[in-house]
Each structure stands twice: as C-alpha cells, then as structure tokens.
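Below is one structure; the comments refer to it alone.
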Amino acid sequence: MTGWQQKPATALLLLEDGTRLEGHGIGAIGHAAGEVCFNTAMTGYQEILTDPSYAGQIITFTFPHIGNVGTNDEDIETVNMAALSGIRGCVLRADITNPSNYRAVEKLDAWLKKRNIIGIAGVDTRALTARIREHGMPNGVIAHAPDGYFHEPSMLAELKNFPGLEGLDLAREVTTAQTYHWDQTSWTRTEGYGRVENPEFHVVAIDYGAKRNILRQLADQGARVTVVPATATAKDVMSHNPDAIFLSNGPGDPAATGKYAVPTIRTLMETGKPMFGICLGHQLLGLAVGGKTQKMHQGHHGANHPVKDLTTGKVEITSMNHGFAVDTESLPGNVKQTHVSLFDGSNAGLEVEGKPIFSVQYHPEASPGPHDSHYLFTRFLNLVRAQKGVAQVPEQVKAGE
Numbered sequence: 028m029t030g031w032q033q034k035p036a037t038a039l040l041l042l043e044d045g046t047r048l049e050g051h052g053i054g055a056i057g058h059a060a061g062e063v064c065f066n067t068a069m070t071g072y073q074e075i076l077t078d079p080s081y082a083g084q085i086i087t088f089t090f091p092h093i094g095n096v097g098t099n100d101e102d103i104e105t106v107n108m109a110a111l112s113g114i115r116g117c118v119l120r121a122d123i124t125n126p127s128n129y130r131a132v133e134k135l136d137a138w139l140k141k142r143n144i145i146g147i148a149g150v151d152t153r154a155l156t157a158r159i160r161e162h163g164m165p166n167g168v169i170a171h172a173p174d175g176y177f178h179e180p181s182m183l184a185e186l187k188n189f190p191g192l193e194g195l196d197l198a199r200e201v202t203t204a205q206t207y208h209w210d211q212t213s214w215t216r217t218e219g220y221g222r223v224e225n226p227e228f229h230v231v232a233i234d235y236g237a238k239r240n241i242l243r244q245l246a247d248q249g250a251r252v253t254v255v256p257a258t259a260t261a262k263d264v265m266s267h268n269p270d271a272i273f274l275s276n277g278p279g280d281p282a283a284t285g286k287y288a289v290p291t292i293r294t295l296m297e298t299g300k301p302m303f304g305i306c307l308g309h310q311l312l313g314l315a316v317g318g319k320t321q322k323m324h325q326g327h328h329g330a331n332h333p334v335k336d337l338t339t340g341k342v343e344i345t346s347m348n349h350g351f352a353v354d355t356e357s358l359p360g361n362v363k364q365t366h367v368s369l370f371d372g373s374n375a376g377l378e379v380e381g382k383p384i385f386s387v388q389y390h391p392e393a394s395p396g397p398h399d400s401h402y403l404f405t406r407f408l409n410l411v412r413a414q415k416g417v418a419q420v421p422e423q424v425k426a427g428e
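My numbering puts the first residue of the sequence shown at 28, with every later residue one more than the last.
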C-alpha cells in the first residue's frame with residue numbers, strides 16, 4: 028500500500044516582496060507580470076475578465092466559485108477584440124467546476140486559454156486579499172507550467188522589468204484602432220440584444236478602453252454612438268457633429284494618458300456640448316479642469332461599493348474598478364464634488380459649474396449589476412434634451428434590481 032502523495036504545483040504566483048504562492052494551473056501556459064489586485068464581486072467574472080480597465084493587472088477573485096456558470100459570447104465587455112482586455116492573469120480559490128447555466132457555451136478554462144490569460148487556482152485568496160489591504164497592491168508574476176517546472180530566474184526578471192501602473196499609458200493598447208458606429212441596446216431574456224430605432228441623439232464616445240454595456244446604455248437612451256480612438260483630436264470629435272461627448276473608462280495612469288487626452292478634453296469643454304465621463308474618463312476630466320490624480324492604496328474593485336449622490340442625498344450601490352482617484356482637495360472652485368465613496372470618502376463624481384459637464388468614478392453601466400446608477404445616463408441625455416428644448420425624462424434610481 029502506497030502513501031498519499033501531494034500533486035506537484037502547476038502554477039505559481041510570486042510577489043515583489045518575496046511571497047510565493049503555489050496552486051493548480053488554469054488557462055494559458057507561460058508567465059506574465061502585472062499589478063495584483065482583488066475584486067469582491069459575487070457575479071460577472073467574464074465581464075470582469077474582459078473589462079479593458081484591468082489591463083496590466085492580475086485579478087484575485089474573493090468569491091470562491093468562479094467558472095461555475097461557464098462563459099458565452101454575449102457577456103464580453105471589451106469592444107476591441109484585437110487587443111482583448113489586456114489582463115495579465117487571475118487568481119482563484121477553488122478549482123473550476125463544470126458549468127451549470129443555460130447560457131453557458133464554453134468552460135472557463137478553455138475560454139482563458141483562447142484569450143491567453145494565465146490563471147492559478149487553489150490559492151488562499153482570503154490571505155492574499157488581507158495582504159493587499161494591509162500593504163497595498165503589489166506587482167507580481169503569475170505562471171502556469173503543466174509539468175510543474177518553473178524557470179524562476181526568468182519569472183523574476185520579468186517581474187523586475189514590469190514598471191508598475193504609475194506613469195503607464197495603457198489606453199493606447201486597448202483603444203479602438205478606427206472609428207466605428209454603435210447602435211446595440213441592452214440584453215433581455217426574451218429578445219437578447221436589440222438595436223436602437225430612430226435615434227434622437229448623436230453621441231461621440233472617446234474610447235480609452237470602453238465597455239460594451241456603456242455604449243448599450245447610451246443606445247437605450249435613444250442615442251446613436253460614434254466611437255473614436257483615444258488619440259482623437261477635438262477637431263476629429265467635432266467633425267462628427269455630436270450632440271454630446273462621452274469620455275470612457277480605461278486602464279493605466281490617468282496622468283500618463285492625460286498628456287494627449289487633456290488638451291483635447293479642454294478644447295471640447297469650450298464647445299458647449301454636454302459631456303459625461305466614467306472612471307478613467309472621470310479622472311481625465313478632473314485633470315482637464317486643473318485637478319490632480321493620485322494612486323490608491325488598494326483601489327476599489329467590486330460590485331458592492333456604496334456611493335452617496337450629494338445632489339439628491341440618495342445612496343446607491345455601485346460597481347467600481349480603479350486604482351487611481353481624483354484628489355478632491357486639488358479641484359478648483361468652479362468644480363463641485365457630486366458623489367463620494369462611503370467606504371473611504373474618496374471622490375466619486377464631479378460637475379463643472381455653469382457647464383453641462385459631469386463625471387463619476389464608478390461604473391453606472393455595471394453588467395450584470397448593480398443597476399442603481401442607470402439614472403446617470405438619463406441625466407446625461409437630459410442635458411441634450413434641455414439644449415434641444417424637448418421634454419426631459421425623470422431620473423429613476425433602480426435600487427434592488
């Protein structure tokens with residue numbers, strides 16, 4: 028009778044402080060360096076893994092059951108399929124199970140392989156999350172080797188050469204390569220995705236790493252959307268004769284992207300067109316009005332973040348994904364803070380007084396949810412309705428959906 032033998036580790040996660048975590052490899056084979064963060068959402072792992080805002084990062088999922096509903100072709104968030112999401116890897120607590128969902132088309136493991144995303148399962152994600160909360164988001168290198176052999180000198184060299192996200196412009200890597208038009212509306216159980224008919228408005232969206240569901244929410248409001256690359260100039264944007272301008276989410280350091288984006292935004296602010304920014308778009312707007320951004324200790328990544336809308340007094344549960352934030356104290360007197368995080372008091376929204384311009388740090392389009400903040404898209408298009416002299420639509424906070 029032979030004794031029980033431990034299976035060799037087929038995946039490895041090394042952190043810059045020397046922490047070594049072994050586990051079971053999933054997804055692509057190889058190794059990649061990135062900033063290690065954690066996400067507390069209980070649903071939507073496919074949307075998270077295809078969110079361009081996570082470019083350059085290794086995501087630790089705190090929810091233990093990842094992969095249990097499989098994957099499909101409808102829940103992909105990135106609009107630039109050539110660049111995919113730019114994510115470097117994922118860390119799971121439990122092994123991936125067989126999917127149990129009527130919408131499942133493919134197992135998560137096979138899906139990760141096709142997208143060249145490296146994963147490690149069997150990690151104490153609670154301990155790793157506690158480490159990030161205490162010491163901040165570390166750089167790390169993740170590896171998957173089915174034979175259990177890791178060339179650690181190569182891994183450590185890649186980790187050493189990874190510059191970190193500060194000073195890194197990643198929007199160029201995930202943005203669209205060319206201008207295109209979008210008219211797809213939100214998904215429903217009976218009809219799937221629809222198309223906007225007889226659009227009332229034309230919105231030009233600057234793509235710093237845009238998510239599909241943001242564009243769908245704009246289409247739901249009756250907007251035809253033209254998406255332009257992150258490097259588009261103000262002249263490029265205005266050549267499309269938009270009714271309004273949208274600044275999308277995206278990855279990396281806003282100060283780095285701002286070197287070319289801020290001058291464009293400042294010029295567009297003088298056109299009088301309504302403007303709305305989300306996440307990186309919010310940070311870039313903060314820089315454009317004269318504020319500053321700063322790197323956060325652990326960032327905000329999850330779907331359960333409470334935010335207070337200071338303009339209405341209401342509290343909403345939001346989805347967040349950012350490692351940088353606008354420094355409220357740096358904002359000039361003509362810029363008003365409109366939303367605040369109830370977790371740490373950080374800035375979550377702003378508006379420019381006297382102009383139809385506002386932004387939020389979180390993701391009101393969150394798919395699969397929460398949906399509390401969908402009213403912001405109504406607020407944005409109401410600015411266009413006001414300029415056109417047509418009746419505005421009441422804002423509704425869809426709490427509990």
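Cβ atoms here follow ideal geometry from the backbone N, Cα and C, with glycine treated the same way. Values in this document were obtained by computation on a predicted structure and should not be read as measured data.
For M182, the enclosing alpha helix (DSSP H) covers residues E179 to N188. The alpha helix (DSSP H) runs lying completely inside the segment 235-260 and spanning 4 residues or more are 239-247, given in chain order. Within the segment 114-195, the runs of beta strand (DSSP E) that reach at least 3 residues and sit entirely inside it are, in chain order, 116-118, 145-148 and 166-171.
In this structure, G71 sits away from L135, with a CB-CB distance that is not shorter than 8 Å.
Within the model, the alpha-carbon separation for P421 versus T405 is close to 8 Å. With respect to V342, L377 sits apart: the two C-beta atoms are not nearer than 8 Å. Partner residues in a beta bridge of D44, as assigned by DSSP, do not exist. Out of K322, N331 and A60, the CA that lies nearest to the CA of L41 is found in A60.
DSSP lists G304 and L377 as the beta-bridge partner residues of S386. In the DSSP assignment, K34 falls outside any beta strand (DSSP E), carrying neither H nor E. Burial check for N188: the Cβ neighbour count within 10 Å stays below 16, so the residue is exposed.
Around the beta carbon of K300, a 10 Å sphere encloses 16 or more other beta carbons of the protein chains shown; the residue is thus reported as buried.
For a cut-off of 8 Å, the C-beta gap from D270 to V411 is around 5 Å, short enough to register as a contact. Here DSSP, grouped into helix, strand and coil, assigns Q73 to helix. With a threshold of 16 other beta carbon atoms within 10 Å, G304 meets it and is buried.
When only Cα atoms are considered, I159 and Q321 end up about 18 Å apart. Put simply, the backbone Cα of G97 is about 9 Å away from that of Q73. Among the bridge pairs identified by DSSP, Q211 is matched with R222.
Short of 6 Å from the beta carbon of V252, and not among the five residues preceding or following it, lie these beta carbons of its own chain, in chain order: W209, V230, A232, L242 and L245. From the listed residues V201, T260, V106 and V132, the smallest Cα separation to V289 is found for T260. Each of K262, G167 and A282 was checked against the Cα of T291, and the nearest Cα belongs to K262. In this structure, DSSP gives F370 a state outside helix and strand, which the three-state scheme calls coil. In this structure, the beta-carbon distance from V362 to V334 does not fall below 8 Å. A distance below 6 Å between beta-carbons, with the five flanking residues on each side excluded, links T345 to the following residues of its chain, in chain order: H332, V334, Y389 and S400. Judged by DSSP secondary structure, E200 falls within the alpha helix (DSSP H) whose first and last residues are A198 to V201. Annotated three-state conformation of A82 is coil, per DSSP. In the same chain as E193, and ignoring 5 residues on each side of it, the C-beta atoms closer than 7 Å to its own belong to D280 and K322, in chain order.
Judged by beta-carbon spacing, G167 lies within the 8 Å limit of L186, meaning their Cβ atoms are closer than that value. Between K382 and W214, the alpha-carbon positions lie close to 33 Å from each other. C-alpha of P79 to C-alpha of T294: approximately 26 Å in a straight line. Per DSSP, the unbroken beta strand (DSSP E) holding K335 starts and ends at T320 to D336. Cβ neighbours of M182 within its own chain (closer than 7 Å, five residues either side excluded): L41, H58, V168 and A170. Buried is the label assigned to A330, since at least 16 other Cβ atoms lie within 10 Å of its Cβ.
Bridge pairing for H51: A148 [DSSP].
In this structure, the straight-line span from the alpha carbon of E179 to that of H267 is close to 52 Å.
With contacts defined by Cβ atoms closer than 8 Å, E200 and A68 do not form a contacting pair.
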